[in-house]
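Student: Start counting the sequence shown at 319; every next residue gets the next number (the numbering used here). C-beta: ideal position from N, C-alpha, C; glycine also.
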Amino acid sequence: MEMVFCPACAADVHDGTAACPVCHAPRALPAPCAIRRNPFKLIALCLLWAIGFWLLSLFLLGEQAERQLGGQLLLASIGLSIALTVRGNLPGTQKPSHAP
Ligand SMILES: [Zn+2]
Numbered sequence: 319m320e321m322v323f324c325p326a327c328a329a330d331v332h333d334g335t336a337a338c339p340v341c342h343a344p345r346a347l348p349a350p351c352a353i354r355r356n357p358f359k360l361i362a363l364c365l366l367w368a369i370g371f372w373l374l375s376l377f378l379l380g381e382q383a384e385r386q387l388g389g390q391l392l393l394a395s396i397g398l399s400i401a402l403t404v405r406g407n408l409p410g411t412q413k414p415s416h417a418p
């Protein structure tokens with residue numbers, strides 16, 4: 319019997335059972351590709367990372383530099399965050415993979 323992860327609670331479940339014995343969630347049947355990233359979670363994470371990048375740039379360059387750039391650091395942070403989120407490079411935004 320092969321053990322697989324319950325997608326709902328991450329418990330070890332015997333491959334072949336219809337529902338998870340721990341949380342009683344129905345076992346997701348194949349098609350891991352069908353698992354989509356939650357767009358609301360992605361947007362929230364994207365905003366958090368944008369603020370994080372911005373604060374980091376303020377910390378590295380100083381508030382005076384940001385004032386001189388007229389808020390361009392914030393725009394750059396948001397752009398970087400969106401790009402990395404779309405690519406799935408940030409923690410929490412990874413795309414579901416086929417990895418075993
Ligand atoms: Zn479960």
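1. Using DSSP with H/G/I as helix, E/B as strand and the rest coil, what is A336?
2. Exposed or buried, F371, counting other C-beta atoms within 10 Å across all chains shown (16 or more means buried)?
3. Considering only heavy atoms of ligand 1 and the C-beta of each residue, which residues fall inside 6 Å, strictly closer?
4. What is the DSSP secondary structure of P409, counted as helix, strand or coil?
5. Can you tell me whether DSSP reads P357 as helix, strand or coil?
6. CB-CB under 8 Å to T335, same chain, minus the five flanking residues each way: which ones, in chain order?
Tutor: Straight from the coordinates:
1. Residue numbering aside, residue 336 sits at position 18 when the sequence shown is read from its first letter. In the structure shown, A336 sits in coil (DSSP, three-state: anything other than H, G, I, E or B).
2. Within the sequence shown, the letter at position 53 stands for residue 371. By the 10 Å Cβ count, F371 comes out buried.
3. C324, A326, C327, A329, C338, V340, C341 and A343
4. Your numbering for residue 409 matches position 91 in the sequence shown. Looking at P409 - three-state DSSP - the assignment turns out to be coil, as it is neither helix nor strand.
5. Here residue 357 refers to the residue found at position 39 when the sequence shown is read from its first residue. Helix, per DSSP.
6. As a position in the sequence shown, residue 335 is number 17, starting the count at 1. These residues qualify, in order along the chain: R345.
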